[in-house]
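A.B. asks: So the sequence lines, in the order shown, correspond to chains G and F.
For what it's worth, our numbering labels the leading residue of the first sequence as 1, then goes sequentially.
For what it's worth, our numbering labels the leading residue of the second sequence as 1001, then goes sequentially.
We put the beta carbon where it would ideally sit given N, CA and C, even for glycine.
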Amino acid sequence: MEKSPIVTGIPASYGKESGIVIMIQDLLSSENIPKEEVLVAVGEMIPPDIALLPHSVGAIVTDEGGALCHGAIVAREMGIPCVVGTGNATSKLKPGMKVTVDGRAGRVYPE
Amino acid sequence: MYTLNDVETLPYLDDIYKKLYYSIKKYRPTIEDKFQECVSLTGNFDVRLNHLIELGIEEIENTFYYIEQSLNTVRTIPEPFRFQYLAENYKRIYTHANFWYVLLDGVILEGVFEAVGEEFLHQISRNTGFDTLEILQDIIDPLTQYHYVKNFPSERLAVARQKKRELQKLLIKTDRNLAKKLDRFTSFYSEVKHWHELLNDVSRRTFQKLLPSLRNEIIESFKAFGIDAEGKPPWDLLDLIEEELIPAICRDYKTKGVR
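(1) Does F/ARG1028 come out as helix, strand or coil in the three-state DSSP assignment?
(2) Using a beta-carbon distance below 7 angstroms, is G/LEU68 in contact with chain F?
(3) Considering only the alpha carbon of each residue, which of G/GLY79, G/VAL108 and G/ALA89 lies closest to G/VAL121?
(4) Candidates G/GLY96, G/ALA41, G/ASP26 and G/LEU93: which alpha carbon is nearest G/PRO81's?
(5) At which residues does the alpha helix (DSSP H) containing F/ASP1201 begin and terminate?
(6) Give the range of the beta strand (DSSP E) segment to which G/MET78 is assigned.
(7) Nearest-angstrom Cα distance between F/TYR1065 and F/LEU1041?
(8) Just to make sure I have the definition right: I need the residues of chain G whose C-beta is within less than 8 angstroms of the C-beta of F/PHE1113. Which are they?
(9) Enumerate, from N- to C-terminal direction, the unbroken alpha helix (DSSP H) stretches of 4 or more residues contained entirely within the segment 1212 to 1240 of chain F.
(10) My output table needs one value for F/LEU1041: the three-state DSSP class, helix, strand or coil.
(11) Can you tell which of F/ASN1216, F/GLY1106 and F/GLU1191 has the C-alpha that lies nearest to the C-alpha of F/LEU1086?
(12) May I have the straight-line CA-CA distance separating F/GLU1032 from F/GLU1118, to the nearest angstrom?
(13) Considering only residues of the same chain and omitting the five flanking positions on each side of F/ARG1259, which have a CB-CB separation below 6 angstroms?
(14) Between the alpha carbons of F/TYR1002 and F/TYR1101, how many angstroms are there, rounded?
(15) Given that F/GLN1208 touches chain G, what residues does it touch there, using C-beta distances under 9 angstroms?
(16) Would you say F/LYS1018 lies against chain G (beta-carbon separation less than 7 angstroms)?
(17) Should the segment 88 to 100 of chain G be called in touch with the segment 16 to 32 of chain G, which here means at least 3 C-beta pairs below 8 angstroms?
(18) Just to confirm my understanding: we take F/TYR1090, look at its own chain, exclude 5 residues before and 5 after, and list those with CB closer than 8 angstroms. What are they?
(19) For G/ARG123, name the three-state secondary structure that DSSP assigns.
Right under this line is the structure:
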C-alpha cells in the first residue's frame, strides 16, 4: 500500500530524493551539518543564494512560492527535486525526519 | 494589454512590499508611474524592461556608494549635523534605493512575473495538454540562459528544441497569439534569471553590507534624543525621522548651538 504524503504542494522540479530534513535557516547558519546524508531543505521560502550554499542539498520543500519563484528556477537548473507552496511544510516536517521528496508529484513522504 | 491601476489590485504582492511601497510613495510619489510601467512591461513579457532594470540597479549602486562615503566620514562631523546627516542618509536609502528594490524584486520578479507567468503557463497547458512543469523544465529551462549550471548537456537541448516545435504546432492550431507569446515568454524568462542574479549581487554588495551599520547609527541618534525607536520596522523609522528626530535635532540646535 502506498504511503500517505506528509505534505503536498506545487511540483517545481522533477526528481525523487530521500534524505534527512533540515531547516533552511539552520543550513544557512550552522556548520555542524552531516555532509554524508542527503539533505531536504525546508523553509518558508527558498533563499535567493541557495545555489551558493556550502552544503549540497538533495531536495527543497517550501511553504510558499510557485513554479516561477526564484528558488524553484534555481532548483530546476541544479536538477534538485523541489516542491513549493505546500503551506505547511515548516510545521509538518521536523529536523532530522527521514523523508522522500517527489518533485514531479509535488509530494513528500515519510521514509 | 495587462494594466493595473492601483497597487492594491496586486493581491500577490507581498504585504511587506506593499508597506514599503506606501512609505516610499509618501516621500517619492513618482514610484506610482514607475510601478505602472513595470507592471505593463512585465505583464506583456516585454524585454524592453531591461532598460528600467539597468537604471534601477545603477541608482541602487549610486545610492550606496554615497552612503558608504558618508559612513566613512560621519564620525568626524560635529553634532548636531552628524545626526541630521545620518537621518538624511537613512531617508535616502528608502527614497532612492529601496524605491527600486520594491519595483525590481517585489513587483517585477516576485509579484507580477510569477502571477502572470503561471497564468500563461496554465493557459498553454489547457490548450495543448502539456503539463506546466513539463513546459518549464523540459522546454523553456533548457532553451534559456543557465546561470548556475555551466555545462548543460547538449542532447537535452536538442530534445527541448524538438519538444518546443511540437508545442508550437499545437498552439498554432488552437491559438496563434499564444504561440507568439510563448517566444516572448521564453526570452523574458531568460532575462528574469539574469535580473535575479544581478539583484542578488547588488543586494549583497549594498543592502546587506551597509544597511545594518547605518540602521545601528540611526538608532543611536534616536536614543540620544530620547525617542523610542526600538522594535520599529525599518520603514516606520522614516516617519519617526521626519516627525520626531529632525524636529528634535532642530530644537536642540536652536537651544544649544553647535557642540
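C.D. replies: This is what the structure holds:
(1) Locating residue 1028 of chain F in the second sequence gives position 28, counting from the first residue. Three-state DSSP puts F/ARG1028 in coil, outside helix and strand.
(2) If you number the first sequence from 1, residue 68 of chain G lands on position 68. It does: the Cβ of G/LEU68 has a partner Cβ on chain F nearer than 7 angstroms.
(3) No information on residue 121 of chain G is available, as it lies outside the stretch 1 to 111 that chain G covers here.
(4) For the purposes of this step, residue 81 of chain G is identified with residue 81 of the first sequence, where counting begins at 1. The residue with the shortest Cα to Cα distance from G/PRO81 is G/ALA41.
(5) As a working note, residue 1201 of chain F is residue 201 in the second sequence. It spans 1176 to 1205 - the alpha helix (DSSP H) in which F/ASP1201 sits, taken as one unbroken run.
(6) Numbered from 1 along the first sequence, position 78 holds the residue referred to as residue 78 of chain G. Per DSSP, G/MET78 belongs to no beta strand (DSSP E); it is in the alpha helix (DSSP H), 70 to 78.
(7) Mapped onto the second sequence, residue 1065 of chain F falls at position 65. Mapped onto the second sequence, residue 1041 of chain F falls at position 41. Whole-angstrom Cα-Cα distance: 29 angstroms.
(8) The count along the second sequence starts at 1 and reaches residue 1113 of chain F at position 113. The contacting residues are LEU68.
(9) 1236 to 1240
(10) Taking the second sequence and counting its residues from 1, one reaches residue 1041 of chain F at position 41. Note: F/LEU1041 maps to helix in three-state DSSP.
(11) To locate residue 1086 of chain F, count along the second sequence from 1; it is residue 86. Nearest C-alpha to F/LEU1086: F/ASN1216.
(12) Taking the first residue of the second sequence as position 1, residue 1032 of chain F is located at position 32. Taking the first residue of the second sequence as position 1, residue 1118 of chain F is located at position 118. Cα to Cα, the separation comes out at about 25 angstroms.
(13) By one-based count along the second sequence, residue 1259 of chain F stands at place 259. Only weak support exists for where F/ARG1259 lies, its pLDDT of 46 falling under 50; the value from the coordinates is given anyway. So the list reads GLU1079, once near-sequence residues are dropped.
(14) The residue you call residue 1002 of chain F lines up with position 2 of the second sequence. The residue you call residue 1101 of chain F lines up with position 101 of the second sequence. Confidence in F/TYR1002 is poor, its pLDDT being 45 and thus under 50, which makes the residue's placement too unreliable to answer from.
(15) In the second sequence, residue 1208 of chain F corresponds to position 208, counting from 1. Correct list: empty, because the minimum Cβ distance to chain G is about 10 angstroms.
(16) Indexing the second sequence from 1 puts residue 1018 of chain F at position 18. For F/LYS1018, the answer is no, since every Cβ of chain G falls outside 7 angstroms of its Cβ.
(17) yes
(18) As a position in the second sequence, residue 1090 of chain F is number 90, starting the count at 1. Correct list, in chain order: LEU1214, ARG1215, ILE1218, LEU1237, LEU1238 and ILE1241.
(19) With chain G covering only 1 through 111, there is no way to say anything about residue 123 of chain G.
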